[in-house]
Each structure stands twice: as C-alpha cells, then as structure tokens.
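Here the structure is laid out as structure tokens; the discussion comes afterwards.
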Amino acid sequence: MRNLSTFVSLGLAAAIAFASPVLAEEKAAPFTDAKEVNLVNLLPPPPANDSAKTKQEIGQILTIQVTRTPEMEARAKADAEETIFRFAEVVDNPKFAKENLPKFSAFFDRVVETEAAVVDPAKDVWKRTRPHLLYPDLVKPAVPLSKSGSYPSGHTTVGTLMGVVLANMLPEKRDAIMARAWEFGWNRVIGGIHYPSDIEAGRISGISIAQTIMQHDDYKTEFDAAKAELRSALGM
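Take 20 as the starting number for the sequence shown in our numbering and just add one per residue.
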C-alpha cells in the first residue's frame, strides 16, 4: 500500500511539473489599449433597452431565429472562436495552418489580444444587456452564451481587425477576406447573441484599431515578418 501511495504521489508531482509551464504561459501583449483607442469617445452610446431601436432589433433577431438553418447555426458556432484561421476557406491553401506559420500565428495572437484590451473597457462602461438576457423567454441563442456587455461586439471588432490586417498581407484576396470578416461579425446576430447595432459599432471599432496600430513601430516590424512568412508558405 505504501508503494502504491508513493507511486501516486510521484505521478501527481510529475503531472504538476509538466503542467506548470502551460499554466505560467503569458498572454500575448496587445498592440494598443483603451487609453489610445477610447471607444467611449469614438462611438455613440448604444440604444436604451426600452428604446424603439432595441425593440426593432429584437424583432430582427426573432425573425432570424425562426429562419436560420442548421448550417447557419453551425457556422455561427464555429465563428465563436476568435482565430485568424477562421479565414482558411478564403485563403484557400492547405499551408494556411498554425503549425506552418509560427511568426504569423504569434503576430495574430497579439492582434486578438488588442481587441480585448480596447473593447472590454467600453463594454464595462455601457453594459448593454444582451438580447437573450433582456428577453430570456423569447431569444434562444445558438452559440455559447456571454454575460458581458453587448456593445460593441468584440467578435465583430476582432473579425474586422483581423480581416483588415490579413487583407493587407494578401491584397489579391482583399474582397473575399473582407466579405468573410463581415460575415464573422453578422454571425453573432444569427447566433442570437448580439444586436445589429452592436455589429455596426464593432466594425467601426475594428477599423479604428487597425488604423491606430498600423502606425506603431512594433506592429510594422512584426507585420512585415508575418507577411513574409505567410506569402512564402503560400507560394506567393
């Protein structure tokens, strides 16, 4: 029994030792934050919960809810993941994968973290109630739930931001990339988790963030390296 106890203890210690580096891994550093890109000053306030605009938007959401197909729901669920590799279908190259693009992947990790650094403080100011929380008996989301503020849409912001940056790396595919970025945001309405006005604000936010970080030296350096790696991997 003592030997078994010792074996279990050693196994647990080994598991903790192997897990520690993963737990200690730091998030990527954002390229900017809410101090530089203050969305509270940039965007108009969201419509009030009892406003005619919000009621009209709830009507849109309910119409979509009864007309969306299983395929639309599946796509909205997949787009809940905030990753540049959701653009794989428009890049349309088997080499467009994380394991082939370490510099590119690390660069876009920073891009994704930038959205949260800018958007989350604005969400906390406005605290717009999400559709499924405002009308819980009516709105039935098809995507993972969230209790954070609804406005602006963070997913739409990051989708737009990723689209702008990726389109600058692959200008040959700009139209398809930006169409995919627009769909990425709209899928939050299809999923029942956001209002259309959240999406509009998210698109403005994403473009504003992109315009800001493009002026930063660290962004320029990492962008150039990521772009070179991507185009080489894709044979472009």
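All residues carry an ideal CB built from backbone N, CA and C; glycine is no exception. All of these numbers come straight from a predicted model, not from anything done at the bench.
CB contact flag (ARG149, SER165, <8 Å):
In the sequence shown, counting from the first residue as 1, residue 149 sits at position 130. In the sequence shown, counting from the first residue as 1, residue 165 sits at position 146. Between ARG149 and SER165, the C-beta gap is smaller than 8 Å, which places the two residues in contact.
Taking the alpha carbon of GLU202 as the point to measure from, which residue in GLU219, GLU191, MET188 has its own alpha carbon closest?
Along the sequence shown, read from residue 1 onward, the residue named residue 202 stands at position 183. Of GLU219, GLU191, MET188, the residue nearest in Cα terms is GLU219.
Does the distance from the CB of ALA195 to the CB of VAL138 come in under 8 Å?
As a position in the sequence shown, residue 195 is number 176, starting the count at 1. As a position in the sequence shown, residue 138 is number 119, starting the count at 1. No, these two residues do not count as a Cβ contact at 8 Å.
Using CA atoms only, rank isn't needed, just tell me which of PHE50, VAL158, PHE242 is closest to ALA135.
By one-based count along the sequence shown, residue 135 stands at place 116. Between ALA135 and the set PHE50, VAL158, PHE242, the nearest pair of CA atoms involves PHE50.
Report the option in LYS142, GLY211, PRO65, GLY178 whose CA atom is closest to the CA atom of PRO163.
Position 144 of the sequence shown, counted from the first residue, corresponds to residue 163. Ranking the options by Cα distance to PRO163, first place goes to GLY211.
Rounded to a whole number of angstroms, what is the C-alpha to C-alpha distance between PHE242 and GLY254?
Here residue 242 is taken as the residue at index 223 of the sequence shown, counted from 1. Here residue 254 is taken as the residue at index 235 of the sequence shown, counted from 1. Each residue's Cα considered, the two are about 18 Å apart.
Counted within 10 angstroms of its Cβ, other Cβ atoms place VAL208 as buried (16 or more) or exposed
Along the sequence shown, read from residue 1 onward, the residue named residue 208 stands at position 189. Buried is the call here.
Determine the contact status of VAL59 and VAL131, defining contact as a CB-CB distance below 8 Å.
Position 40 of the sequence shown, counting from 1, holds the residue named residue 59. Position 112 of the sequence shown, counting from 1, holds the residue named residue 131. It is not a contact, given that the beta carbons lie outside the stated cut-off.
Cβ-based burial, ASP98 [other Cβ within 10 Å; buried from 16]
As a working mapping, residue 98 is identified with position 79 in the sequence shown. Per the 10 Å Cβ criterion, buried.
Could you spell out where the alpha helix (DSSP H) holding ASP52 opens and where it closes?
Start at 1 with the first residue of the sequence shown, and residue 52 comes out as number 33. For ASP52, there is no enclosing alpha helix (DSSP H), since its DSSP letter is neither H nor E.
Output needed for ALA198: all residues of its chain with C-beta closer than 8 Å, excluding positions within five of it in sequence on either side, in chain order.
Counting from one through the sequence shown, the residue named residue 198 turns up at place 179. Within the same chain, and ignoring the five residues on either side of ALA198 in sequence, the residues whose Cβ sits closer than 8 Å to its Cβ are VAL109.
Per-residue DSSP class, three states only, for HIS151
Here the question's residue 151 lines up with position 132 in the sequence shown. DSSP places HIS151 in helix when its eight states are reduced to three.
Alpha carbon to alpha carbon, how far is THR88 from LEU153? Give it in angstroms, no decimals.
The residue given as residue 153 occupies position 134 in the sequence shown. The residue given as residue 88 occupies position 69 in the sequence shown. Pairing LEU153 with THR88, the inter-Cα distance amounts to about 24 Å.
Whose CA, out of LYS54, PRO171, LYS159, lies closest to the CA of ILE77?
Position 58 of the sequence shown, counted from the first residue, corresponds to residue 77. Taking the Cα of ILE77 as reference, the smallest distance to any Cα among LYS54, PRO171, LYS159 is reached at LYS159.
Threshold first: 4 residues or longer. Then list the alpha helix (DSSP H) segments lying entirely within the stretch 56-140, N to C.
The qualifying runs are 58-61, 71-86, 89-97, 107-110.
For the alpha helix (DSSP H) containing LYS246, name the first residue and the last one.
Counting from one through the sequence shown, the residue named residue 246 turns up at place 227. For LYS246, the enclosing alpha helix (DSSP H) stretches over residues 236-252.
Which same chain residues end up closer than 8 Å to VAL235 when comparing Cβ atoms and leaving out the 5 residues on each side of it in sequence?
In the sequence shown, counting from the first residue as 1, residue 235 sits at position 216. In the sequence as presented, Val is not what sits at residue 235; that position holds His. So the qualifying residues of the chain are PHE50, THR51.
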